[in-house]
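Peer 1: Supplied in structure tokens, the structure appears directly below.
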RNA sequence: GGAGAGUUGGCAGAGUGGUAAUGCAGCAGAUUGCUAAUCUGUCAUCCCGAUUGGGAUGCAUAGGUUCGAGUCCUAUACUCUCCGCCA
């Protein structure tokens with residue numbers, strides 16, 4: 126959410142930002158005029174309330190003869206006040222409806238563009254893996270090594286689900302342990318969080334009101350399934366006023382994640398790339414309201430996940446996401462994409478975003494600034510730590526050997542019982 | 001699922017129908033020669049006002065009763081205790 130005063134004072138800038146983010150349909154003039162009419166209504170209804178309060182307070186010292194007249198007058202004022210407050214609530218609802226759909230403004234550093242075709246590759250690290258044999262795709266590798274039950278599990282759990290077993294099942298957890306240890310070493314608090322959420326945190330995160338059809342909802346309990354631990358961590362401290370000394374707060378949140386993938390019909394239906402339920406270790410940062418500070422954390426989060434890909438010895442590229450491809454909450458976004466040999470392209474593994482104060486305004490998460498004692502909204506940032514099974518796609522394919530075994534990179538071996546290779550033919 | 005108790009500011013904690021005490025911490029200023037103390041102000045949101053300032057709202061949430069609600073009523077959420085069921 127944005128500051129309405131800032132919007133009113135910078136209308137052209139906001140409209141420019143809306144165009145860049147692809148939300149040109151939002152009517153800023155209407156929003157501002159609603160704000161003005163709300164303020165007028167507030168002023169007049171508050172004057173009424175003041176008069177009424179004075180009358181009410183005078184009753185105690187009034188004589189019994191005077192009281193009926195005062196009560197009658199006060200009642201009359203109360204009715205008028207009620208009318209104005211109803212009108213105010215109606216205007217406020219219209220205002221909120223628009224305000225909840227106002228995206229964050231993009232960073233001046235972000236490339237301007239309309240969709241993912243205009244994202245900019247900032248750098249490539251590592252070379253696409255070369256093979257002196259015909260590489261198999263990850264599904265073939267799983268079948269070859271008895272690592273999965275993809276067809277059977279579809280009968281039980283439906284499409285876009287996965288079941289992996291033996292060393293691959295261990296590998297999935299090993300990757301998370303590697304990342305959790307790394308994050309802990311960087312000062313993050315490891316936190317395992319639920320995957321169920323009430324509705325309010327979804328508005329706080331900025332998932333609602335934008336993409337309801339992506340979320341699993343259980344009407345019996347009025348509860349949602351979380352698509353990421355970011356949802357939970359973003360609301361964990363909602364409505365608090367933190368001390369600046371507590372900042373930054375760094376969370377490494379692990380949770381099962383659920384996504385309907387309604388907008389991805391027919392896409393990535395094979396294998397582990399896009400499934401309804403997966404596991405994610407999420408990096409989440411709460412820091413003070415200072416753009417230099419949150420940009421510093423943004424770079425730090427990016428560096429950590431680059432290190433994860435380097436530890437996993439995967440070739441990757443860093444993509445700076447353009448204004449039109451960023452989600453509504455985002456100020457600036459990088460995606461990391463790892464090389465997938467059989468697809469001959471880079472595929473997304475990480476998404477790293479600076480949200481500035483946009484989420485904090487929604488969750489009402491603030492801190493008291495040491496410099497002047499003022500209460501300010503925090504900045505929040507999030508990035509994938511690692512998401513499985515998706516990461517296993519480039520992992521299996523890049524590290525496969527001619528005999529169908531898969532090499533375990535050195536950094537991961539301590540989490541895999543020291544094994545250098547896994548697979549049926551591994552010694 | 002049943003029964004009971006509870007939820008007041010950053011924290012602690014008073015307040016059973018008539019303007020939300022007090023303490024601690026934080027911040028700002030003043031003052032005293034000492035690692036600190038003392039005093040004053042400030043310390044949730046919003047509206048009006050150029051400023052001093054004035055006012056409205058805020059006691060878990062949403063309604064209701066009342067001239068007037070932290071206080072009474074209803075529903076909901078959450079926390080704690082006990083019972084039941086259970087991986």
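In our numbering, the protein residues as written are 126 to 552. Ideal Cβ placement from N, Cα and C applies to all residues, glycine included. Computed from a predicted model, the values in this text were never measured in an experiment.
Can you tell me which residues form a DSSP beta bridge with residue 542?
Peer 2: BP columns for residue 542 are empty, so no partner.
Peer 1: Verify whether the separation of the beta carbon atoms of residue 444 and residue 244 is less than 8 Å.
Peer 2: The answer is yes: Cβ separation under 8 Å.
Peer 1: Under the assumption that residue 229 contacts residue 373 (Cβ atoms under 8 Å), give the Cβ distance between them as a whole number of angstroms.
Peer 2: Between residue 373 and residue 229 the Cβ distance is about 20 Å, and since that is not below 8 Å, they are no contact.
Peer 1: Could you give the DSSP three-state label for residue 143: helix, strand or coil?
Peer 2: Correct three-state label for residue 143: helix.
Peer 1: Can you tell me the Cβ-Cβ gap for residue 441 and residue 250, rounded? I've got them flagged as a contact below 8 Å.
Peer 2: Yes, residue 441 and residue 250 are in contact; Cβ-Cβ is about 6 Å, under 8 Å.
Peer 1: What residue from 189, 488, 495, 499 has the CA that sits closest to residue 355's CA?
Peer 2: With distances taken between Cα atoms, residue 355 lies closest to 488.
Peer 1: Is residue 361 near the ligand ZN, judged by its Cβ being under 7 Å from some heavy atom?
Peer 2: Of the ligands one can find in the structure shown there are none, so the ligand ZN has no counterpart to examine.
Peer 1: How many Å lie between residue 494 and residue 477 at the Cα?
Peer 2: So the two alpha carbons sit approximately 26 Å from each other.
Peer 1: Going by the DSSP bridge assignment, what does residue 412 pair with across the sheet?
Peer 2: BP columns for residue 412 point to 504.
Peer 1: In angstroms, rounded to a whole number, what distance separates the CA positions of residue 292 and residue 544?
Peer 2: Spanning the two alpha carbons is a distance of roughly 10 Å.
Peer 1: Hey, quick one: how far does the alpha helix (DSSP H) through residue 442 stretch, first residue to last?
Peer 2: Premise fails: residue 442 lies in the beta strand (DSSP E), 441–445, not in any alpha helix (DSSP H).
Peer 1: Mapping the DSSP letters down to three states, classify residue 520 as helix, strand or coil.
Peer 2: Residue 520: helix per DSSP, three-state reduction.
Peer 1: Just to confirm the assignment, what range does the alpha helix (DSSP H) spanning residue 200 have?
Peer 2: Start and end: 192–224.
Peer 1: What's the gap between the Cα of residue 486 and the Cα of residue 350?
Peer 2: C-alpha separation (whole angstroms): 23 Å.
Peer 1: Pick out the complete beta strand (DSSP E) segments inside the stretch 291–376, 3 residues or longer, and give them in chain order.
Peer 2: Complete beta strand (DSSP E) runs here, min 3: 314–317, 348–350, 366–368.
Peer 1: Pull the bridge partners of residue 481 from the DSSP assignment, please.
Peer 2: Residue 481 is bridged to 505.
Peer 1: DSSP state of residue 405, grouped into three classes?
Peer 2: Residue 405 falls in the strand class under three-state DSSP.
Peer 1: Near residue 232, which residues of its chain fall below 7 Å by C-beta distance, leaving aside the five closest residues on each side in sequence?
Peer 2: Excluding residues within five positions, the ones whose Cβ falls inside 7 Å are 456, 457.
Peer 1: By alpha-carbon positions, which one of 184, 198, 296, 221 ends up nearest to residue 151?
Peer 2: Taking only the C-alpha atoms, the option nearest residue 151 is 221.
Peer 1: Between residue 392 and the rest of its own chain, which residues show a CB-CB distance below 7 Å, the 5 nearest in sequence each way excluded?
Peer 2: For residue 392, where only same-chain residues beyond five positions count, the Cβ hits under 7 Å are 399.
Peer 1: Please state whether the Cβ-Cβ distance between residue 403 and residue 512 is less than 8 Å.
Peer 2: Against a cut-off of 8 Å, the Cβ pair of residue 512 and residue 403 comes out as a contact.
Peer 1: Would you report the Cα separation of residue 156 and residue 189, rounded to the nearest angstrom?
Peer 2: Each residue's alpha carbon lies about 50 Å from the other.
Peer 1: Output yes or no for whether 8 Å exceeds the beta carbon distance between residue 520 and residue 439.
Peer 2: In contact: residue 520 and residue 439 (Cβ atoms closer than 8 Å).
Peer 1: Can we say the stretch 308–315 touches the stretch 416–423, given the rule of at least three CB pairs closer than 8 Å?
Peer 2: Contact between the stretch 308–315 and the stretch 416–423 is absent, because fewer than three Cβ pairs lie under 8 Å.
Peer 1: Whole angstroms are fine: how far does the CA of residue 484 sit from the CA of residue 331?
Peer 2: One C-alpha to the other measures close to 7 Å.
Peer 1: For a quick check, are the C-beta atoms of residue 260 and residue 397 less than 8 Å apart?
Peer 2: No, these two residues do not count as a Cβ contact at 8 Å.
Peer 1: What three-state label does DSSP hand residue 493 in the structure shown?
Peer 2: Residue state, collapsed to three classes: strand.
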